[in-house]
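Asks:
There are 2 protein chains.
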Amino acid sequence: MIVTCVHVNVIPSGVEEFIRLTRDNHNASILEPGNLRFDLLQMEDDSCHFMIYEAYESQEASDLHKTTLHYIKWRDAVKDLMAETRQGIRYRIVEPSSRSQW
Amino acid sequence: MIVTCVHVNVIPSGVEEFIRLTRDNHNASILEPGNLRFDLLQMEDDSCHFMIYEAYESQEASDLHKTTLHYIKWRDAVKDLMAETRQGIRYRIVEPSSRSQW
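Here's what the structure looks like:
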């Protein structure tokens with residue numbers, strides 16, 4: 155199991171549209187068989203900063219996400235809404251160590 | 155519902171002990187009535203960097219966590235294992251917006 159935290163800085167005029175597009179991505183991503191979580195969070199101190207908390211049961215499942223139509227649609231649609239290149243940070247899961255707790 | 159991402163840089167000699175202590179904290183924290191998640195993650199590119207993904211159903215539940223014996227025990231025990239002051243970043247939850255998906 156792996157987690158990727160994707161940090162996105164959005165231009166102020168794009169915040170509402172970014173939330174709408176990422177909600178669509180969330181709704182489709184959580185239906186992927188290998189998806190464990192796809193949480194969309196907005197920083198309290200900076201409403202233009204978002205984090206997507208993506209957990210997948212394997213590297214293969216995470217890779218597969220990037221081939222889905224909903225991901226490609228989101229990637230292309232948010233391109234002009236980002237203030238800078240988004241950053242993905244990869245983590246190894248220590249706890250919960252059991253698949254059933256995800 | 156709120157999420158706090160706690161970033162901790164641990165001294166290299168303290169990594170094993172930090173994981174042991176934070177596992178204990180995880181096991182007790184997920185039993186708190188207002189806790190939604192308490193994930194412990196280790197950065198792939200830097201095994202001394204950890205993130206704790208803490209989700210609570212309310213600010214009150216999050217505040218209550220800091221009064222528990224298991225939190226206080228963890229806080230005191232990890233003090234000398236940290237390379238620098240840990241940082242908590244607070245997020246508003248956009249999705250999943252339903253309590254039942256946490």
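Protein chains in written order, with the numbering used here: chain A, 155 to 256; chain B, 155 to 256.
Quick reminder that beta carbons are idealized off the backbone N, C-alpha and C, glycines included.
#1: For Ala209(B), report the span of its beta strand (DSSP E) as first-last.
#2: Report yes if the CB atom of Cys159(B) is closer than 8 Å to the CB atom of Ile243(B), and no otherwise.
#3: For Thr178(B), return the contacting residues in chain A, with the cut-off set at a CB-CB distance below 7 Å.
#4: Can at least three beta-carbon pairs, one atom from the stretch 160 to 170 of chain A and one from the stretch 205 to 221 of chain A, be found at a separation below 8 Å?
#5: Looking at the C-beta of Tyr207(B), does it have a partner C-beta in chain A at a distance below 8 Å?
#6: For Pro166(A) and chain B, any beta-carbon pair shorter than 8 Å?
#7: Would Ile243(B) pass as an interface residue toward chain A - the criterion being a Cβ-Cβ separation below 8 Å?
#8: For Ser212(B), collect the residues of the same chain with a Cβ closer than 7 Å to its Cβ; drop the 5 residues on either side in sequence, then sort them by chain order.
#9: Does the distance from the CB of Ala231(B) to the CB of Leu175(B) come in under 8 Å?
#10: Check the DSSP bridge columns for Met236(A) and list the partner residues they point to.
#11: For the putative contact between His219(A) and Asp178(A), defined by C-beta atoms under 8 Å, what is the C-beta separation to the nearest angstrom?
#12: For Gln196(A), is the classification buried or exposed, using 16 other Cβ atoms within 10 angstroms of its Cβ as the cut-off for buried?
#13: For a test of the three-state rule: what should DSSP assign to Leu195(B), helix, strand or coil?
#14: Can you name the start and end residues of the alpha helix (DSSP H) that Gln255(B) belongs to?
#15: Just to confirm my understanding: we take Ala215(B), look at its own chain, exclude 5 residues before and 5 after, and list those with CB closer than 8 Å. What are they?
#16: Taking only three categories from DSSP, how would you classify Ile173(B)?
#17: Name the residues in the stretch 223 to 237 of chain A whose C-beta lies less than 8 Å from a C-beta of chain B; which are they?
#18: Please determine, among Thr222(A), Ser251(A), Ser252(A) and Met155(A), the residue with the shortest C-alpha to C-alpha distance to Ala182(A).
Replies: Short version:
#1: Where Ala209(B) is concerned, the enclosing beta strand (DSSP E) stretches over His203 to Tyr210.
#2: Less than 8 Å divides the Cβ of Cys159(B) from the Cβ of Ile243(B).
#3: Thr is not the amino acid found at residue 178(B); the sequence shown has Asp there. Correct list: empty, because the minimum Cβ distance to chain A is about 10 Å.
#4: Contact between the stretch 160 to 170 of chain A and the stretch 205 to 221 of chain A is present, with at least three C-beta pairs closer than 8 Å.
#5: Tyr207(B) belongs to the set of residues whose beta carbon lies under 8 Å from a beta carbon in chain A.
#6: Look at Pro166(A): its C-beta is not under 8 Å from any C-beta on chain B.
#7: Interface residue, yes.
#8: The residues are Gly188.
#9: Going by beta carbons, Ala231(B) and Leu175(B) fall inside the 8 Å limit.
#10: The partner list for Met236(A) (beta bridge, DSSP) reads Val164(A).
#11: The C-beta distance from His219(A) to Asp178(A) rounds to 14 Å, too long to fall under 8 Å, and the pair is not in contact.
#12: Gln196(A) should be labelled buried.
#13: Leu195(B) falls in the strand class under three-state DSSP.
#14: Per DSSP, Gln255(B) lies in no alpha helix (DSSP H) and is assigned neither H nor E.
#15: In chain order, Glu186, Pro187, Gly188 and Asn189 place their CB closer than 8 Å to the CB of Ala215(B), counting only its own chain and leaving out the 5 sequence neighbours on each side.
#16: Reduced to three states, the DSSP call for Ile173(B) is helix.
#17: The stretch 223 to 237 of chain A vs chain B, Cβ under 8 Å: nothing.
#18: Minimum Cα distance to Ala182(A) is reached at Thr222(A).
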